[in-house]
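Visitor: The structure that follows is given in the form of structure tokens.
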Amino acid sequence: MKTDIKSLYYPELEKFITDGGFPRFRAKQVYGWLNRGALSFDEMGNIPKNLREFLNSSSYISVANIEKKLVSRYDKTVKYLFRLNDGEFVETVVMSYKHGYSICVSTQVGCKMGCTFCATGKSGFSRSLTASEILAQIESAGRDLGVRISNIVLMGMGEPLDNFDNVIRFLKIVSCEDGLNIGMRHITLSTCGIVPRIYDLAEYNFALTLSVSLHAPDNETRSKTMPINNKYPIEQLIKACRDYFDKTGRRISFEYAMIDGVNDTDECARKLSSLLGNLNCHVNLIPVNTVRGSGYKKSRLDRQRAFIDILEKNSVTATVRRTLGSDIDASCGQLKRNYTEKTGG
Ligand code: SAH
Ligand code: SF4
């Protein structure tokens with residue numbers, strides 16, 4: 024099996040090259056090329072031919088080739104369908120804000136978690152991405168748009184904490200000064216709530232933002248839409264969030280997709296307020312994106328307002344998130360689903 028060279032930390036790359044019989048300083052040169060986004064070993068001008076041959080025969084560079092690109096007419100949001108080295112597809116969305124460009128990357132091809140409102144959850148699981156494949160999405164999008172991407176959210180296809188080791192590797196590599204140098208404070212990792220992995224993540228003490236997809240204030244409601252809740256019920260999840268905050272000092276954010284008639288009643292808002300009561304957190308309310316076959320509709324505007332009012336009265340800070348790219352299937356999982364269903368892929 025060939026080595027996935029862009030998933031290596033620098034000391035590992037150095038070992039790989041010196042074990043191949045080449046001097047240590049060559050590793051630095053190769054590392055420089057890789058960090059400048061080289062797509063092949065053949066373009067590495069100052070690398071001798073025998074080293075290039077060695078690299079070609081024993082390793083590969085992960086790519087994310089643009090298969091499809093959609094640009095929103097409303098807000099410049101760009102959505103990519105990328106093709107990976109083995110022909111699998113993942114989705115990536117780039118949003119432009121006043122403070123810069125933010126990218127939503129995928130961490131798996133599909134997802135095992137099966138949330139009923141989610142397009143990715145509905146299309147099954149194929150495999151996890153390597154660190155370099157998560158990185159390649161950022162490099163490809165940045166290159167295509169000719170911009171520096173400054174913020175990352177791990178909110179595309181897949182469950183990041185179900186691909187723990189590769190995601191940790193990605194986080195360390197992407198925040199490295201020699202590389203893309205996107206600091207942890209500019210990274211948000213979103214999870215459906217795999218409790219033991221939240222504790223594992225806390226041990227790293229990263230300055231990233233942990234975002235927890237809560238979507239319901241009690242077990243009965245949550246288990247209806249999120250099967251993971253049967254394994255790690257709300258009490259355990261909230262305890263893990265408290266412990267995460269105590270360990271890292273980082274405020275948790277909670278995602279709450281508002282679904283008409285499912286989780287948007289006044290009672291839900293009151294339960295959510297007491298659940299999050301004295302936890303240092305922020306709630307993002309997102310009117311659910313309708314996914315074909317789910318039967319869910321977004322909450323009415325008056326419900327959204329009433330819900331947030333109750334939270335605010337109970338001192339829970341919350342905002343209703345703007346929907347970007349609504350004309351381009353910008354909710355992850357939708358583009359791939361439409362594309363592969365149309366092409367039979
Ligand atoms: N697996 C992770 C990260 C990817 S999903 C997680 O679940 O957190 C990113 C976010 O999009 C999650 O908060 C998820 O619940 C939300 N989401 C998925 N489908 C959605 C939909 N149809 N409408 C609104 N939000 C959705
Ligand atoms: Fe997976 Fe997240 Fe979608 Fe749930 S919401 S199916 S965890 S990608």
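Each residue of the sequence shown is one higher than the last, beginning at 24 in our numbering. C-beta atoms are modelled at their ideal positions from N, C-alpha and C, and glycine is treated no differently.
Pairs of beta-carbons, one from the stretch 320–333 and one from the stretch 267–283, closer than 8 Å: are there three or more?
Guide: Because the criterion of three Cβ pairs below 8 Å is met, the stretch 320–333 and the stretch 267–283 touch.
Visitor: Would you say the beta carbon of GLY144 is closer than 6 Å to some non-hydrogen atom of the ligand SF4?
Guide: It does: the Cβ of GLY144 is within 6 Å (strictly closer) of some heavy atom of the ligand SF4.
Visitor: Who are the near neighbours of GLY367 in its chain, counting only those whose CB is closer than 8 Å to its CB and skipping five residues on each side?
Guide: Any reading at GLY367 needs caution, since the residue's pLDDT is 42, under 50, leaving its predicted position unreliable; the model's value is listed next. Nothing listed; no residue qualifies.
Visitor: Please find out if some non-hydrogen atom of the ligand SF4 comes closer than 6 Å to the beta-carbon of MET136.
Guide: Checking the Cβ of MET136 against the ligand SF4 gives yes.
Visitor: Does at least one heavy atom of the ligand SAH sit under 6 Å from the Cβ of ILE309?
Guide: Because some heavy atom of the ligand SAH lies under 6 Å away, the Cβ of ILE309 counts as near it: yes.
Visitor: In or out: THR130 buried (at least 16 other Cβ within 10 Å) or exposed?
Guide: It counts as buried.
Visitor: Any heavy atom of the ligand SF4 closer than 6 Å to the beta-carbon of GLU278?
Guide: Every heavy atom of the ligand SF4 is 6 Å or more from the Cβ of GLU278, so no.
Visitor: Since ALA239 contacts ARG273 with CB under 8 Å, what's their CB separation in whole angstroms?
Guide: The pair is not a contact, with the Cβ atoms about 23 Å apart (cut-off 8 Å).
Visitor: Going straight from the alpha carbon of GLY123 to that of SER349, what length do you get?
Guide: Their Cα atoms are separated by approximately 20 Å.
Visitor: Since SER30 contacts THR153 with CB under 8 Å, what's their CB separation in whole angstroms?
Guide: About 5 Å separates the two Cβ atoms, so the contact holds.
Visitor: Straight-line CA distance for THR244 to ASN286?
Guide: Straight-line Cα distance between these residues: approximately 7 Å.
Visitor: At a Cβ threshold of 7 Å, is LYS294 touching chain B?
Guide: Within the model displayed, chain B is absent; a lone protein chain is all it includes.
Visitor: Looking only at its chain, what residues have a beta carbon closer than 7 Å to the beta carbon of PRO250, apart from the 5 residues adjacent to it on each side?
Guide: Excluding residues within five positions, the ones whose Cβ falls inside 7 Å are MET136 and GLY137.
Visitor: Indicate the three-state DSSP secondary structure (helix, strand or coil) for ASP65 in the structure shown.
Guide: Of the three classes helix, strand and coil, the one that applies to ASP65 here is helix, per DSSP.
Visitor: Nearest-angstrom Cα distance between LYS365 and ARG59?
Guide: Unreliable positioning characterises LYS365 in this predicted model, as indicated by a pLDDT of 47, which lies under 50. A coordinate reading is not provided.
Visitor: Does the distance between the C-beta of CYS304 and the nearest non-hydrogen atom of the ligand SF4 fall short of 6 Å?
Guide: No - the ligand SF4 has no heavy atom lying nearer than 6 Å to the Cβ of CYS304.
Visitor: Determine which residues share a DSSP beta bridge with CYS304 and list them.
Guide: Beta-bridge pairing links CYS304 to ILE275.
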